[in-house]
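All remarks here apply to the structure that follows.
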Amino acid sequence: MKSADDRSRRQFLKRSLKAGAATMALGSPLLASGCSKPATGPEEAPAVHTGKTWRWKLLTTWPPTLPVIQDGSKLFSQWVKEMSAGRLDIQVYGGGELVPSLEAFDAVSQGTAEMGHGASYYWSGKVPAAQFFAAVPFGMNPQQANAWIVSGGGLELWEEVYAPFNLVPLPGGNTAIQMGGWFNREINSVDNLKGLKMRIPGLGGKVISKAGGAAVLSAGGEIYTNLERGVIDATEWIGPYHDYLMGFHKAARYYYYPGWHEPGTSLEFFVNKSAFDGLPDDLRQIVRTAAARVNHWMLCEFEAKNNIYLQKLVNEVKVDLKAFPPEVIEQLRAYSKEVIQEIVEQDALSRKIHDAYTSFRKQIGAWADISEKLYYTDNL
4 MKSADDRSRR QFLKRSLKAG AATMALGSPL LASGCSKPAT GPEEAPAVHT
54 GKTWRWKLLT TWPPTLPVIQ DGSKLFSQWV KEMSAGRLDI QVYGGGELVP
104 SLEAFDAVSQ GTAEMGHGAS YYWSGKVPAA QFFAAVPFGM NPQQANAWIV
154 SGGGLELWEE VYAPFNLVPL PGGNTAIQMG GWFNREINSV DNLKGLKMRI
204 PGLGGKVISK AGGAAVLSAG GEIYTNLERG VIDATEWIGP YHDYLMGFHK
254 AARYYYYPGW HEPGTSLEFF VNKSAFDGLP DDLRQIVRTA AARVNHWMLC
304 EFEAKNNIYL QKLVNEVKVD LKAFPPEVIE QLRAYSKEVI QEIVEQDALS
354 RKIHDAYTSF RKQIGAWADI SEKLYYTDNL
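Residue numbers for the sequence shown follow our numbering, beginning at 4 and rising by one.
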């Protein structure tokens with residue numbers, strides 16, 4: 004005689020199989036959108052196309068020909084145009100082509116352009132809470148950061164932070180864990196950071212300042228020249244693939260790891276809310292879908308190429324690859340905690356975002372401890 008548990012299990016499996024068959028027949032919105040949440044609420048009527056077209060401008064913080072990251076914005080524009088059958092045509096402008104790179108946020112907020120692409124820590128001077136959506140020193144890796152933003156409530160908080168600026172944020176890429184940076188002096192102790200002029204944005208820059216260095220914020224197109232001319236002594240950027248293409252090995256001798264300051268940097272599209280609300284429902288969904296595709300593509304592109312180009316840097320270019328000494332890492336970790344504590348004490352919104360970030364990191368970290376951690380050791 005079957006037990007109640009056996010009967011329940013059989014009923015569950017039967018319902019699951021029926022639901023699965025229906026999903027395959029109809030096409031699942033969840034499968035179609037990757038990690039996105041399925042649509043909820045009443046079924047909408049099919050969109051009626053009136054023949055109207057929209058022409059938008061997208062401003063990036065990157066040089067016009069910057070590989071991978073600027074390519075992401077160009078692919079976004081292409082995919083939107085294809086999916087909308089040309090009804091939404093977005094022209095991409097690199098940093099400096101219409102406005103200076105670091106003025107893109109204000110330009111989109113004010114409606115000079117409809118969209119932008121950058122990294123939220125660039126706006127920390129006016130929106131301190133924004134930088135937690137880009138990168139937190141010693142924080143979550145790309146997989147975890149994406150999980151927080153897409154499925155852990157992070158995007159809703161991000162929307163709250165940008166709402167006063169008439170902007171809608173969308174995840175727009177991830178650089179993967181970064182390298183520690185390019186230096187023209189060896190870093191053998193924390194004392195070597197004193198007086199160091201380093202291009203480094205966000206929370207990481209504040210940590211370098213606390214260590215006695217000078218954090219410099221400059222657009223990507225200015226970094227090589229500044230490093231070559233000695234305007235800065237060091238720079239962080241991304242990782243081996245992009246760093247090789249940028250040519251930093253020609254202007255700096257030492258290449259340090261790990262990227263303690265940016266363990267998984269999320270990039271962003273930011274959309275003028277008035278312009279976004281003015282689109283039909285289907286075009287808004289196309290914009291969100293294309294952004295999600297860029298978010299996925301960019302991380303894959305960096306992950307696939309980083310080790311290939313690291314080997315080029317080490318074996319062909321003969322870059323001096325170095326690890327930060329453990330005592331330097333531990334002191335930077337301590338400074339990071341101090342920097343974050345100072346920010347959350349001064350800004351209530353930053354505290355709210357950081358508390359949510361930290362809470363999610365703790366719960367997802369507990370899972371990582373039993374699911375992934377052993378794969379990064381010699382135990383398996």
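From the three backbone atoms N, C-alpha and C, an ideal C-beta is built for every residue, glycine too. Just so we're clear, the structure is a prediction, and the values are computed from it rather than from any experiment.
For residue i versus residue j, is the C-beta distance shorter than 8 Å?
i      : j      : result
Asn298 : Gly175 : yes
Leu196 : Tyr258 : no
Leu61  : Met118 : yes
Ala179 : Pro145 : yes
Phe273 : Tyr165 : yes
Ser123 : Ala133 : yes
Asn169 : Ser112 : yes
His252 : Val322 : yes
How would you write the range of the beta strand (DSSP E) that residue i sits in, first residue to last?
i      : result
Tyr258 : 257-260
Gly183 : Looking at the DSSP string, Gly183 is not in any beta strand (DSSP E), and its letter there is neither H nor E.
Val317 : First-last for Val317: undefined, no H or E at that position.
Val55  : For clarity, residue 55 is Lys in the given sequence; the question names Val instead. Careful: Lys55 lies outside any beta strand (DSSP E) and carries neither H nor E.
Ala217 : 217-219
Arg232 : It is not in any beta strand (DSSP E) - Arg232 carries neither H nor E in the DSSP assignment.
Since residue i is in the alpha helix (DSSP H), which residue starts that stretch and which ends it?
i      : result
Met249 : 243-249
Val95  : Taken as a continuous stretch (DSSP letters only), Val95 belongs to no alpha helix (DSSP H), being part of the beta strand (DSSP E) at 91-96.
Val210 : 205-213
Val164 : 157-165
Arg364 : 351-374
Ala150 : 145-154
Ala107 : 107-113
Lys84  : 72-86
Which residue from the options puts its Cα closest to that of residue i?
i      : options                        : result
Thr268 : Glu231, Pro131, Gly242         : Gly242
Arg354 : Phe363, Arg364, Ile343         : Ile343
Gly142 : Ser362, Thr380, Tyr379         : Ser362
Trp370 : Ala150, Gln288, Val347         : Ala150
Val320 : Gln94, Ser339, Val331, Leu248  : Leu248
Ala294 : Gly54, Pro67, Thr63, Trp82     : Trp82
Ile346 : Val130, Leu282, His252, Arg287 : Val130
Ser76  : Arg256, Thr56, Gly98           : Gly98
Asp246 : Ile311, Thr292, Gly216         : Ile311
Leu173 : Glu304, Glu271, Gly207, Gly183 : Glu271
Pro261 : Glu100, Met182, Met86          : Met182
Val234 : Val210, Gly114, Gly198, Gly205 : Gly198
Val290 : Ile72, Gln147, Gly128, Val171  : Val171
Name the DSSP bridge partner or partners of residue i?
i      : result
Ala326 : Tyr260
Pro174 : Glu271
His120 : Thr63, Phe272
Would you call the segment 181-195 in contact with the segment 146-164, where contact means no fewer than 3 C-beta pairs closer than 8 Å?
no
Using 8 Å as the threshold, is the segment 118-135 in touch with the segment 226-244, meaning 3 or more CB pairs across them?
no
Contact between the segment 94-110 and the segment 227-236 is defined here as three or more beta-carbon pairs at a separation below 8 Å; is this criterion met?
no
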